[in-house]
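Engineer:
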């Protein structure tokens, strides 16, 4: 069984794929949460249950569009949409949630986080997970259940995407919302467009474009739910060294991320547990038929394939791999980080490459494959994808690859390797 499916940490299998990263399982440095416990019976009079009351103070103004405060944790499979874990409002800044557990859970370590939930069913609820005072990532809250009735008093400092702050240091970031006509459920998607320093709408200069997935995590820690790629800092540093600059189009993920980023390939038993209705082909068409034409029509882009890239990590790496080779006439290069091919059956790579018929290609996108040594479920696919391409005639010079034994499956690793991969892909 793949490592991220093991019961060892319920948080990993769900969030590693849904949000594209792992969730911090370490203790909070400030000991978030204080507990008062007693051995008395719970107030319901049922001595066969452990009762836990979570009181949460949220001393910030909550957006009127928000529908609920919920918790997600190992007690509900890290599901932020679980109605059984909706906090009840006491007053403007205080909420509570009462939970019951069987006596057999005495000594159980709970891990959880608060999430601000909106009604938009296509939005990723983890985009609004709680953060620290400056929007920084925080560890999971932890509490060990004891027999009797207990109370935990928590304070939430911030919710991601809810602070009028930004960690953007270079360029200009524009947000738009586009319809997704490839789907029949009226879904929409936020698109984040990063324009480099010096971009002028009335200039004749044209910029290359890279389209990337999990847009919330690319530029700004205040919108990210798992750390940021620091793309504005990386490209800004390259421009300081003489690079002309690039437009980066970040396409936000949604609550349907796993299905949207998955082509209709046969899944492994582990993958089938998470991907029930793959729609990667439709998502790819959305990027190519809707997003790219909009960007080319409204911004100073070089629309040619040589100046157009695609990239992502984890399942975002999967859909980027699919798009680069299914549409080599559109994309000149692809950044493929920590590609989560373990969710598919072992023969999928070979079957897909035979289907697209590498031998018939007249152009070959440049591919950069990366994985960390601390993510053993994805590391083997760096070499297997590379070798499968080469034996089918893909030019070896068009493939770069690297495995860093010291890195895991997270944004900090991808932020570190983004400038390295990007420089190679655009031949700087």
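Numbering (this note's numbering), first residue to last: 311 to 738.
Ideal placement from N, C-alpha and C gives every residue a C-beta, glycine not left out.
Alpha carbon to alpha carbon, what distance is there between residue 491 and residue 669?
Structural biologist: Taking the first residue of the chain shown as 1, we reach residue 669 at position 359. Taking the first residue of the chain shown as 1, we reach residue 491 at position 181. Taking the straight line from one Cα to the other gives about 33 Å.
Engineer: Here's a check: name, in chain order, each residue in its chain whose Cβ is nearer than 7 Å to the Cβ of residue 455, leaving out the five neighbours to either side.
Structural biologist: One-based indexing of the chain shown puts residue 455 at position 145. Contacts found: 360, 362, 411, 415, 416, 417, 418, 420.
Engineer: Between residue 596 and residue 643, what straight-line distance do the alpha-carbon atoms span, to the nearest angstrom?
Structural biologist: Along the chain shown, one-based indexing puts residue 596 at 286. Along the chain shown, one-based indexing puts residue 643 at 333. Distance between the alpha carbons of residue 596 and residue 643: 19 Å.
Engineer: Confirm, please, whether the CB-CB distance from residue 663 to residue 698 is below 8 Å.
Structural biologist: Counting from one through the chain shown, the residue named residue 698 turns up at place 388. Counting from one through the chain shown, the residue named residue 663 turns up at place 353. A contact, by the Cβ cut-off of 8 Å.
Engineer: Can you give me the C-alpha to C-alpha distance between residue 487 and residue 413, rounded to a whole angstrom?
Structural biologist: Counted from its first residue, the chain shown places residue 487 at position 177. Counted from its first residue, the chain shown places residue 413 at position 103. Roughly 49 Å separates the two Cα atoms.
Engineer: Between the beta-carbon of residue 518 and the beta-carbon of residue 617, is there less than 8 Å?
Structural biologist: Residue 518 sits at position 208 when you count from the first residue of the chain shown. Residue 617 sits at position 307 when you count from the first residue of the chain shown. It is a contact, given that the beta carbons lie within the stated cut-off.
Engineer: If you reduce the DSSP assignment to three classes, tell me which class residue 712 lands in.
Structural biologist: Here the question's residue 712 lines up with position 402 in the chain shown. Residue state, collapsed to three classes: strand.
Engineer: Which two residues bound the contiguous beta strand (DSSP E) that contains residue 539?
Structural biologist: Translated into the one-based positions of the chain shown, residue 539 becomes position 229. Segment: none, residue 539 is in no beta strand (DSSP E) and carries neither H nor E.
Engineer: Any chance the region 551-567 sits against the region 523-532, with 3 or more Cβ pairs inside 8 Å?
Structural biologist: Yes, the region 551-567 is in contact with the region 523-532.
Engineer: Can we say the region 544-556 touches the region 498-509, given the rule of at least three CB pairs closer than 8 Å?
Structural biologist: Output reads yes: the region 498-509 touches the region 544-556.
Engineer: Specify whether the region 478-485 and the region 586-605 touch according to this definition: at least 3 beta carbon pairs, one from each stretch, less than 8 Å apart.
Structural biologist: The region 478-485 vs the region 586-605: no contact.
Engineer: Cutting at 8 Å between CB atoms, please list the residues of its own chain near residue 391, excluding the five before and the five after it.
Structural biologist: Along the chain shown, one-based indexing puts residue 391 at 81. Cβ neighbours of residue 391 beyond the five flanking positions: 380, 427, 435, 565.
Engineer: So what does DSSP say about residue 522, is it helix, strand or coil?
Structural biologist: Against the chain shown, residue 522 aligns to sequence position 212. It is a strand residue.
Engineer: DSSP puts residue 489 in a beta bridge; with which residues?
Structural biologist: Here residue 489 refers to the residue found at position 179 of the chain shown. According to DSSP, residue 489 bridges with 498.
Engineer: Bridge partners for residue 412 per DSSP, in chain order?
Structural biologist: Position 102 of the chain shown, counted from the start, is the residue given in the question as residue 412. Per DSSP, 359.
Engineer: Indicate whether residue 735 and residue 645 have their beta-carbon atoms separated by less than 8 Å.
Structural biologist: In the chain shown, residue 735 corresponds to position 425, counting from 1. In the chain shown, residue 645 corresponds to position 335, counting from 1. It is a contact, given that the beta carbons lie within the stated cut-off.
Engineer: Could you tell me whether the Cβ atoms of residue 367 and residue 444 are closer together than 8 Å?
Structural biologist: Along the chain shown, one-based indexing puts residue 367 at 57. Along the chain shown, one-based indexing puts residue 444 at 134. No, they are not a contact pair.
Engineer: In chain order, what residues of the same chain lie with their CB nearer than 6 Å to the CB of residue 710, ignoring the 5 residues before and after it?
Structural biologist: Stepping through the chain shown from its first residue, residue 710 is reached at position 400. These residues qualify, in order along the chain: 678, 734.
Engineer: Sort 382, 459, 651, 437 by Cα distance to residue 469 and report the nearest one.
Structural biologist: The count along the chain shown starts at 1 and reaches residue 469 at position 159. The candidate whose alpha carbon is nearest that of residue 469 is 437.
Engineer: Helix, strand or coil, according to DSSP, for residue 584 in the structure here?
Structural biologist: The residue you call residue 584 lines up with position 274 of the chain shown. Coil.
Engineer: Near residue 712, what residues of its chain come up, given a Cβ to Cβ distance below 6 Å and the 5 sequence neighbours on each side ignored?
Structural biologist: Position 402 of the chain shown, counting from 1, holds the residue named residue 712. Cβ within range, chain order: 680.
Engineer: Starting from residue 733, trace the alpha helix (DSSP H) in both directions and tell me its first and last residue.
Structural biologist: As a working note, residue 733 is residue 423 in the chain shown. Here the alpha helix (DSSP H) through residue 733 covers 721-735.
Engineer: With a 10 Å radius around its C-beta and 16 neighbouring C-beta atoms as the bar for buried, classify residue 667 as buried or exposed.
Structural biologist: Start at 1 with the first residue of the chain shown, and residue 667 comes out as number 357. By the neighbour-count rule (16 or more Cβ atoms within 10 Å), residue 667 is not buried but exposed.
Engineer: Roughly how many angstroms separate the alpha carbons of residue 714 and residue 721, rounded to a whole number?
Structural biologist: What you label residue 714 is simply residue 404 of the chain shown in a count that begins at 1. What you label residue 721 is simply residue 411 of the chain shown in a count that begins at 1. One C-alpha to the other measures close to 14 Å.
Engineer: Taking a contact to mean a Cβ-Cβ separation below 8 Å, would you say residue 383 touches residue 422 in this structure?
Structural biologist: Locating residue 383 in the chain shown gives position 73, counting from the first residue. Locating residue 422 in the chain shown gives position 112, counting from the first residue. Yes, they are a contact pair.
Engineer: So within the region 595-671, which uninterrupted alpha helix (DSSP H) runs reach at least 4 residues, ignoring any that extend past its ends?
Structural biologist: If we require 4 residues or more, the alpha helix (DSSP H) runs fully inside the region 595-671 come out as 602-608, 625-636, 658-666.
Engineer: What are the start and end residues of the alpha helix (DSSP H) that includes residue 372?
Structural biologist: Within the chain shown, the letter at position 62 stands for residue 372. From DSSP, residue 372 is part of no alpha helix (DSSP H); its letter is neither H nor E.
Engineer: Determine the DSSP secondary structure at residue 448, reduced to helix, strand or coil.
Structural biologist: The count along the chain shown starts at 1 and reaches residue 448 at position 138. Coil.
Engineer: Under the three-state reduction of DSSP, which class applies to residue 379: helix, strand or coil?
Structural biologist: Here residue 379 is taken as the residue at index 69 of the chain shown, counted from 1. Three-state result, residue 379: strand.
Engineer: Hey, residue 594 and residue 625: beta-carbon distance below 8 Å or not?
Structural biologist: Within the chain shown, numbered from 1, the residue matching residue 594 stands at position 284. Within the chain shown, numbered from 1, the residue matching residue 625 stands at position 315. Result no, Cβ atoms of residue 594 and residue 625 do not sit closer than 8 Å.
Engineer: Run through DSSP, which three-state label would residue 399 get?
Structural biologist: For this step, residue 399 is matched to residue 89 along the chain shown. The answer is strand: DSSP assigns residue 399 an E or B state.
Engineer: With burial defined as no fewer than 16 other Cβ atoms inside 10 Å of the residue's Cβ, what is the status of residue 409: buried or exposed?
Structural biologist: Locating residue 409 in the chain shown gives position 99, where the first residue counts as 1. Result: buried.
Engineer: Taking C-beta to C-beta, are residue 649 and residue 691 nearer than 8 Å?
Structural biologist: Counted from its first residue, the chain shown places residue 649 at position 339. Counted from its first residue, the chain shown places residue 691 at position 381. Closer than 8 Å, so yes.
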